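Worksheet for the structure shown next.
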Amino acid sequence: MQILIKMYHMLNKGKNLALTVGLLAGLSFTACQNNGATKSEQVEKDSLEAYVDERIKIYEKVKLTTNINALSPSERKMLPLLIEAAGIMDELFWKQAYPKRDSLLSTIKSENTREFVRINYGPWDRLNGDKPFVTGIGEKPLTGTFYPLGMTKEELESSDVKDKYGLYSVIRRKEGKLVSVPYHVEFANELLKASNLLKEAASLAEDPGLKKYLNLRADALVTDKYEASDYAWLDMKNNGLDIIIGPIENYEDKLLNARAAFEAYVLVKDKEWSKRLAKYVAMLPALQKGLPVEAKYKQEVPGTDSELNAYDVVYYAGDCNSGSKTIAVNLPNDEVIQQKKGTRRSQLKNAMKAKFDKILVPISKELIAPEQQQYINFDSFFANVMFHEVAHGLGIKNTITGKGTVRASLQEQYSWLEEGKADVLGLYMVTSMLKSGDLEGDLKSFYTTYMAGILRSVRFGASSAHGKANMQCFNYFKEKGAFQRSEAGVYSVNFEKFESAMNDLSKYILTLQGNGDKSAVLKAQQERGIIGAELQADLDRLGRKGIPVDIVFEQGVDVLGVK
Ligand SMILES: [Zn+2]
């Protein structure tokens, strides 16, 4: 079971509620003015189309490319095979999310609505609480297609069905009785096809680690036994290409968070950056000693065996391509494998660059003081995101108060605080390594870009752990004078106070975690995990100026030129 473990790194998942509240209010107003029963359907259709015409603007389109010339001839031959296999995951995710895609699309005339259905893999707006946006659709059923329509948790729990909470099966009703059907049976044809494509790619692979992984993953797809391929994936060190493929995350199962949804990422490794990342992981134990907190809160020794790599992602398919797009991934999810062997954290560099160009830069132009805009750059953004990932390894995993692990003692208050910790300790790492000469760059750039990053991430809303973490940071830094807001609503960093605020917040969070005092964390969230009226007004300006919330991709063999 992986219900409590949010290992997949959703740096950019969340909802931009601020942007839509006004819109929704407008819609209900329109609907109220037209009470004629014969007209009501048309009115609903018109207002939903108007809704979609606004909402589709939150997504900016970008092309996914990489330097194909850096690939070997056999890698260039493998890419189309991997992309085709990924395409099958996309089809399978449609089957899971909304199996009647084609008949739905055939009834929709508005091109925007058709496109919005494709972006959302169905007629529900994923970044606005799954609001239905097609006439007559109704609420998204909690059961999805993972369970029979109308089945309740209680019915499943009291039944004697096999594999109740299985990752890799669906529950069906047969002659009134619940039965489970494994994915490799339910989706046999598609999975066999994908499996064969992976085997064909394996036959072309030069790197033995990649060859082994692809063959084992091919076997896993048709047996639902993924362990061996997960281990082989973690063992790979020298591969130039990679593919994350299969049923992986369980967020799409809204009833139980138990069953996994199909997805794939096709990746090209950035070898130079990956080498640099390995160096930083090795520095964790020394950085841990320097943390600005009492010794008892930093007594653990951080592990250095975690794999950290940078990639260009050339294809997103299925679950990870729905709603907002992930730019850093931490896998596998299997807890046993994690304990035995750790995880691999994958930074998707070109997707980050796209979010930087299309979202962070426009936000900065609006919200960062003109004289500090020179400090906003991609290298700082990438480093901040990357060191966030590394910084999850700093601090402590066990409370010092005998309350067990930090995760267990803080329960549902754990995730947002842990994300806040990784943000601020990532910045602490940057600061320390700049001082020691292990990192190059200008501290002012890292700090100003970090500030812009906070303003980007608070838009994810309070329903997202990252959103809350950034709200806390914003409010804490504001109290400490780490930045000023002008009357016109632009922000400028106070470089001296930024560093001391960073140290204070680090100490504050590490102490909360070490104490494992859940009520204190809840209080912190209620006090600082919120958006004040002033900040909200500034964020509303971003919405009005049409600054996107997320990206969608043009991708595939044509875009890459590897056909
Ligand atoms: Zn994180």
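To convert a position in the sequence shown, counted from 1, into this note's numbering, add 1119. The beta-carbon is built from N, C-alpha and C at its ideal position, and this holds for glycine as well. As the structure is a computational prediction, the values presented were derived from the model and not from experiment.
Query, Result
"Presumed contact (8 Å Cβ cut-off) between L1198 and N1469, rounded CB distance", "About 15 Å; that fails the 8 Å criterion."
"CB contact flag (G1437, F1381, <8 Å)", "yes"
"Rounded separation between T1254 and N1239 - CA only", "16 Å"
"Distance, K1388 Cα to D1431 Cα", "6 Å"
"Spatial distance of A1379 from G1523 (CA atoms)", "29 Å"
"Near ligand 1: A1541 beta-carbon under 7 Å from a heavy atom", "yes"
"Terminal residues of the alpha helix (DSSP H) in which Q1493 lies", "Q1493 -> no alpha helix (DSSP H), and no H or E assigned at all."
"Backbone CA spacing between G1680 and V1433 [nearest angstrom]", "11 Å"
"6 Å Cβ shell around Q1632 - same chain, five flanking residues per side excluded", "V1525"
"Contact check, L1574 vs V1509, beta carbons under 8 Å", "no"
"Whole-angstrom distance between A1429 and I1187, CA atom to CA atom", "16 Å"
"Contact set for I1666: own chain, Cβ-Cβ below 8 Å, skip 5 residues either direction", "I1478, P1481, I1482, E1485"
"Beta-carbon proximity list for G1300, same chain, < 7 Å, skipping 5 on both sides", "According to the sequence provided, residue 1300 is Val. The question's Gly does not apply to it. The answer, listed in chain order, is S1288, V1289, R1291."
"Buried or exposed (CB count within 10 angstroms, at least 16 for buried), N1357", "exposed"
"C-beta contact flag for F1252 and L1167 at 8 Å", "yes"
"For A1601, three-class secondary structure by DSSP", "coil"
"Endpoints, beta strand (DSSP E) assigned at L1268", "Taken as a continuous stretch (DSSP letters only), L1268 belongs to no beta strand (DSSP E), as it is neither H nor E."
"Ligand 1 heavy atom lying under 7 Å from the CB of H1511", "yes"
"Closest residue to G1328 among G1359, Y1302, N1315 (Cα-Cα distance)", "G1359"
"Near ligand 1: E1538 beta-carbon under 7 Å from a heavy atom", "yes"
"N- and C-terminal bounds of the alpha helix (DSSP H) containing S1322", "1307-1323"
"Enclosing beta strand (DSSP E) for I1649 [first to last residue]", "That residue, I1649, is in no beta strand (DSSP E); it is neither H nor E in DSSP."
"Runs of alpha helix (DSSP H) lying entirely within the stretch 1334-1407, each at least 4 residues, in chain order", "1346-1354, 1390-1401"
"Check: H1507 C-beta below 7 Å from any heavy atom of ligand 1", "yes"
"A1216 versus P1411: straight-line alpha-carbon distance, rounded", "46 Å"
"Exposure label - T1567; buried when at least 16 CB within 10 Å", "buried"
"Entirely enclosed alpha helix (DSSP H) segments - the stretch 1519-1566, minimum 4 residues", "1525-1529, 1533-1555"
"Proximity winner among S1564, M1471, Q1418, E1230, relative to K1516 (alpha-carbon distances)", "Q1418"
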